[in-house]
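Quick note on the working numbering: the sequence shown kicks off at 70 and runs consecutively. Positions of the beta carbon are idealized from the N, C-alpha and C atoms, including for glycine. Remember, predicted model here, so these are calculated numbers, not experimental data.
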Amino acid sequence: MNEYYDYLVIGGGIVGVATANALLRRYPGSKILLIEKESALACHQTGHNSGVIHAGVYYAPGSLKARFCKEGVQRTVDFCRQHAIPVDNCGKLLVATNETEVRRMQDLLARCRENGIEVEALDQAQLQAREPNICGLGALFVPATSIVDYRLVTEHMASDFTASGGETALDTQVTAIAERSDHIELTCRQSHTASTDSFSVKGRFLVCCGGLMADRLTNMMGLETDFQIIPYRGEYYRLAARHNQIVRHLIYPIPDPSLPFLGVHLTRMIDGSVTVGPNAVQGFKREGYGRFNFSLRDSLDMLAFPGFWHVTGKHLKTGLREFKDAWWKAGYLERVRKYCPGLTLSDLEPYPAGIRAQAVLKDGTLVHDFLFADSPRSLHVCNAPSPAATSAMPIADYICDKVAEIQQQREAD
Ligand SMILES: Cc1cc2nc3c(=O)[nH]c(=O)nc-3n(C[C@H](O)[C@H](O)[C@H](O)COP(=O)(O)OP(=O)(O)OC[C@H]3O[C@@H](n4cnc5c(N)ncnc54)[C@H](O)[C@@H]3O)c2cc1C
Numbered sequence: 070m071n072e073y074y075d076y077l078v079i080g081g082g083i084v085g086v087a088t089a090n091a092l093l094r095r096y097p098g099s100k101i102l103l104i105e106k107e108s109a110l111a112c113h114q115t116g117h118n119s120g121v122i123h124a125g126v127y128y129a130p131g132s133l134k135a136r137f138c139k140e141g142v143q144r145t146v147d148f149c150r151q152h153a154i155p156v157d158n159c160g161k162l163l164v165a166t167n168e169t170e171v172r173r174m175q176d177l178l179a180r181c182r183e184n185g186i187e188v189e190a191l192d193q194a195q196l197q198a199r200e201p202n203i204c205g206l207g208a209l210f211v212p213a214t215s216i217v218d219y220r221l222v223t224e225h226m227a228s229d230f231t232a233s234g235g236e237t238a239l240d241t242q243v244t245a246i247a248e249r250s251d252h253i254e255l256t257c258r259q260s261h262t263a264s265t266d267s268f269s270v271k272g273r274f275l276v277c278c279g280g281l282m283a284d285r286l287t288n289m290m291g292l293e294t295d296f297q298i299i300p301y302r303g304e305y306y307r308l309a310a311r312h313n314q315i316v317r318h319l320i321y322p323i324p325d326p327s328l329p330f331l332g333v334h335l336t337r338m339i340d341g342s343v344t345v346g347p348n349a350v351q352g353f354k355r356e357g358y359g360r361f362n363f364s365l366r367d368s369l370d371m372l373a374f375p376g377f378w379h380v381t382g383k384h385l386k387t388g389l390r391e392f393k394d395a396w397w398k399a400g401y402l403e404r405v406r407k408y409c410p411g412l413t414l415s416d417l418e419p420y421p422a423g424i425r426a427q428a429v430l431k432d433g434t435l436v437h438d439f440l441f442a443d444s445p446r447s448l449h450v451c452n453a454p455s456p457a458a459t460s461a462m463p464i465a466d467y468i469c470d471k472v473a474e475i476q477q478q479r480e481a482d
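Okay, here's the thing in structure tokens:
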């Protein structure tokens with residue numbers, strides 16, 4: 070690590086690994102270092118998600134989310150085929166259970182068509198025929214949705230990267246970033262050791278894909294930004310194994326369009342199990358997955374940020390309901406019984422939670438789309454919300470385009 074790198078990439082989640090790979094393909098022979106503070110890749114959002122390759126139903130037409138997701142589905146499936154990674158193209162049903170949801174379902178149908186996504190509207194009888202254990206007034210069937218293990222996808226991307234000459238530094242935490250006129254200098258320390266010794270790494274250009282730490286990385290550089298990452302826990306249960314065949318598709322509720330999360334769904338996992346979740350509960354530790362995990366620093370940062378109070382005030386009722394159901398299993402169960410009435414409390418078994426990195430602006434706006442910040446020698450991915458796992462490869466290409474633009478601009482100035 071003593072050498073000078075052409076590109077430094079911080080973050081060994083799927084976005085960072087896909088970016089390191091794409092940079093190496095774009096600039097063959099260049100020296101690229103991928104830096105990750107954990108002992109393995111995909112330890113945070115990428116390794117704690119629903120494992121769905123989303124088709125792109127929900128996203129505003131013309132948004133980066135809609136564009137990246139549509140392209141990402143096919144590219145993810147192709148990548149998995151090339152690398153013999155298991156994928157199950159099980160399709161997804163969005164189930165409406167009351168009149169309000171039927172109306173919202175019509176809006177989603179229109180949105181699917183605007184986004185060019187194949188979709189079929191099912192009436193009650195057609196839904197019942199496809200999924201005898203699911204009840205609803207109607208549903209949308211989206212055949213392009215699939216499931217996969219994103220940790221495995223990331224590991225394969227990382228193997229491609231190192232096989233092509235890229236270098237990876239695990240257990241390496243970046244603690245400071247300095248941008249000079251002719252290079253970037255990172256101060257790093259070895260994670261998971263008592264030693265506080267630091268060392269520096271230099272490079273020509275830096276890309277930060279820090280997920281839950283995205284704002285801390287922009288702050289380290291002194292970039293002026295208007296956002297902070299607020300952690301929202303996504304808690305799951307796993308259904309008892311006797312229910313592994315309870316559904317043939319993924320079963321989603323019709324979401325409330327004013328919220329960025331999709332609602333508690335029944336997800337067939339690639340290992341054959343079925344999960345229920347995730348909910349969306351306020352977290353008090355960005356990378357703490359246990360129910361009682363608390364970080365003073367993370368909590369104080371959040372409480373001192375005006376956007377947190379705006380967003381909490383705006384969604385107070387929803388937030389309190391999420392809290393109640395997170396602690397009261399019967400409340401959580403009701404969310405899924407709405408469309409799968411046969412489940413009982415004893416069917417819900419423990420399963421690890423995930424934590425979403427949600428960028429929130431100072432005025433309380435929840436950032437729904439991808440968000441970037443840059444400087445003459447760096448590009449920061451500030452918000453990479455779901456479905457960023459599905460979309461990682463197109464996002465990486467977009468990042469490469471932006472990196473090229475920034476470098477051209479710098480040279481022209
Ligand atoms: C509950 C949940 C369910 C989801 N379901 C889906 C789904 O079904 N389909 C889908 O497409 N998307 C889904 N998503 C979204 C998707 O998982 C994320 O958008 C995606 O994984 C983001 O990847 P990332 O690389 O940006 O972040 P991460 O995977 O969080 O990676 C960021 C990395 O940066 C590292 N890092 C941070 N700071 C430093 C530092 N200072 N030094 C070194 N390393 C650092 C971290 O250790 C981490 O490994 C879900 C997310 C959650 C939380």
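Give a yes or no on whether the C-beta atoms belonging to residue i and residue j are separated by under 8 Å.
i: G102; j: E236; result: What sits at residue 102 in the sequence shown is Leu, not Gly. Closer than 8 Å, so yes.
i: P300; j: R425; result: yes
i: I79; j: G125; result: no
i: I253; j: L448; result: no
i: A473; j: I464; result: no
i: C257; j: T244; result: yes
i: L414; j: V405; result: no
i: F485; j: R446; result: In the structure displayed, the chain extends from 70 to 482; residue 485 sits before or after that span and is not available.
i: Y305; j: P347; result: yes
i: R337; j: V343; result: yes
i: L206; j: A165; result: yes
i: L292; j: A442; result: yes
i: V217; j: I298; result: no
i: Y73; j: K271; result: yes
i: F210; j: L177; result: no
i: C204; j: V450; result: no
i: S215; j: C159; result: yes
i: V350; j: A309; result: no
i: T223; j: V86; result: yes
For residue i and residue j, what's the separation of their Cα atoms in angstroms?
i: E403; j: M174; result: 21 Å
i: A89; j: V380; result: 34 Å
i: R182; j: L93; result: 36 Å
i: K386; j: E356; result: 25 Å
i: G120; j: N184; result: 22 Å
i: S444; j: Q478; result: 11 Å
i: K354; j: L133; result: 29 Å
i: G81; j: A111; result: 6 Å
i: F268; j: I475; result: 27 Å
i: R302; j: A263; result: 29 Å
i: G131; j: D438; result: 11 Å
i: G382; j: G234; result: 50 Å
Can you tell me the Cβ-Cβ gap for residue i and residue j, rounded? I've got them flagged as a contact below 8 Å.
i: G400; j: K407; result: About 12 Å separates the two Cβ atoms, so there is no contact after all.
i: V142; j: V156; result: At roughly 11 Å, the Cβ-Cβ gap does not stay under 8 Å, so V142 and V156 are not in contact.
i: I83; j: N202; result: With a Cβ gap of about 32 Å, I83 and N202 do not count as contacting.
i: A221; j: I154; result: Checking the displayed sequence, the identity of residue 221 turns out to be Leu instead of Ala. So it is a contact: roughly 5 Å between Cβ atoms.
i: D240; j: S108; result: 5 Å
i: R317; j: E200; result: 6 Å
i: E421; j: H117; result: Sequence inspection shows Pro at residue 421; the Glu mentioned does not correspond to that position. Between H117 and P421 the Cβ distance is about 6 Å, and since that is below 8 Å, they are a contact.
i: M290; j: I246; result: 5 Å
i: G280; j: Q114; result: 5 Å
i: N313; j: G352; result: That pair is no contact at about 30 Å.
Determine, using beta carbons only, whether residue i comes closer than 8 Å to chain B.
i: V211; result: No chain B appears in the structure shown, which is made up of a single protein chain.
Counting only the same chain and skipping the five closest in sequence on each side, list residues whose C-beta sits under 7 Å from that of residue i.
i: A129; result: A135
i: P375; result: K431
i: M371; result: I299 and F377
i: K398; result: L414 and L417
i: E170; result: I323
For residue i, I'd like the list of residues in its chain whose CB is within less than 8 Å of its CB, leaving aside the five on either flank, ordered along the chain.
i: Q51; result: Residue 51 lies beyond the range of the chain shown here (70 to 482); nothing can be said about it.
Check whether the region 102-114 touches the region 213-232, counting contact only when three or more Cβ pairs, one atom from each stretch, lie closer than 8 Å. yes
Sufficient close CB pairs (3 or more, under 8 Å) joining the region 330-342 to the region 461-470: no
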